[in-house]
Amino acid sequence: MNVKKIAGSIAFYVGLIALWQLLYTASTDWFSWAKPYAIPHPSGVWKSITSLVSNGTLQTAIVNSMLRVLIGFLIACLIGIILGILIINSEYLARNLKPLILGVQTLPSICWVPFAILWFGLNQSAIIFVVVMGSAFGIALAVENGIKNVPPLYIKAAKTMGVSSKNLYLHVIFPAALPSFVAGLKQGWSFAWRALMSGEVMSNTVGLGYTLTLGRDLADINQVMTVMLVIILIGILIDKGIFTTLENHILRKRGLL
7 MNVKKIAGSI AFYVGLIALW QLLYTASTDW FSWAKPYAIP HPSGVWKSIT
57 SLVSNGTLQT AIVNSMLRVL IGFLIACLIG IILGILIINS EYLARNLKPL
107 ILGVQTLPSI CWVPFAILWF GLNQSAIIFV VVMGSAFGIA LAVENGIKNV
157 PPLYIKAAKT MGVSSKNLYL HVIFPAALPS FVAGLKQGWS FAWRALMSGE
207 VMSNTVGLGY TLTLGRDLAD INQVMTVMLV IILIGILIDK GIFTTLENHI
257 LRKRGLL
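If you read the sequence shown in my numbering, its first letter stands for residue 7, the second for the next number, and so on.
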């Protein structure tokens, strides 16, 4: 059954690529609707991939981008968890700080780029700052929501048995809220990944965003498309390979899947 699913997926993507090539040929050769240099096509993207891989540009860009987003995401998780716990434990902060966090979270990540450049310059720190600001508040809201949705019966039972505040969080609240935490981290990762691209396209440091911008400056639409596909592929691999796997493991362990 798994073999059939894999074969079906391969057939789907092969058909999608064939349709892409057909649309390119039709729009540029048959009907002359568009200029060949303005439309990416599978063979051109493949040539761009081989070129970027052979000179090491793509590998370097991926490593640099992953390092930045990992550092920024870890910092965002730390800030988000602290903010979430503070909000859930303080009615004053819940009333005044939470609406502000909700508002700031709606800001596109690109809005933080001018601050990053003015405060840090065009360097790694600026990009990491954009990643942190783009994802920390979403994680804070997810943590607060996860703790708030822990069944009150768990907390009352633990307090009845004399559990201390520290152990209450470590052994009752956090384990009960773990599925929500993982879902929040998954969402925070997507915010961090998009924020990374917003920061990198505005910088001059090597990364996927910079490589994409370089393709634009060189009018190489196939390089632009190559980087876009790599960004999508990495996002899917991280989401499915780490967060979805972890989420399913937790749900399966608790008999919810």
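Glycine included, C-beta positions come from ideal geometry on N, C-alpha and C.
Every value quoted in this text rests on a predicted model; they were computed, and no experiment measured them.
Item	Value
Contact between the stretch 203-212 and the stretch 25-36 (3+ Cβ pairs under 8 Å)	no
Range covered by the alpha helix (DSSP H) that runs through S4	As shown, the chain starts at 7 and ends at 263. That puts residue 4 outside it, with no answer to give.
Coil, strand or helix - F180 by DSSP	helix
Any 3 or more C-beta pairs closer than 8 Å across the stretch 54-67 and the stretch 220-230	yes
I123 versus A132, H47, I16, residue with shortest Cα-Cα distance	A132
Sequence-distant residues of its chain with Cβ nearer than 8 Å to K165 (five each side left out)	L174
Nearest-angstrom beta carbon gap, P48 and I23 [assumed within contact, 8 Å]	5 Å
Cβ distance (whole Å) where R78 is taken to contact I134 below 8 Å	For the record, residue 78 in the displayed sequence is Gly; it is not Arg. Going by Cβ atoms, the distance from G78 to I134 rounds to 4 Å, so yes, they are a contact pair.
The stretch 138-149 contacting the stretch 199-209, beta-carbon criterion three pairs below 8 Å	yes
Burial state of S71, where buried means 16 or more other Cβ atoms lie within 10 Å	buried
Under 7 Å between C-beta atoms of I93 and L99	yes
Pairwise C-alpha distance: H177 and S170	10 Å
Residues of its chain near Q130, where Cβ-Cβ distance is below 7 Å and the 5 sequence neighbours each way are ignored	R74, T211
Beta-carbon gap between F143 and Q193 smaller than 7 Å	no
C-beta contact flag for P227 and P46 at 7 Å	The sequence as given places Ile at residue 227; Pro does not occur at that position. Yes. Within cutoff.
For A182 and I81, the rounded distance between their alpha carbons	24 Å
Closest by C-alpha distance to S186, when choosing among L159, V230, F249	F249
R74, DSSP secondary structure in three states	helix
E253 and V149 closer than 7 Å at C-beta	no
For M208, the first and last residue of its enclosing alpha helix (DSSP H)	Here M208 belongs to no alpha helix (DSSP H), and DSSP marks it neither H nor E.
Local conformation of S54 per DSSP, three classes	helix
G86 and I145 closer than 7 Å at C-beta	yes
Start-to-end residues for the alpha helix (DSSP H) that takes in Y98	97-111
Spatial distance of L108 from R101 (CA atoms)	12 Å
Residue from L243, V119, W39 whose Cα sits closest to the Cα of W195	L243
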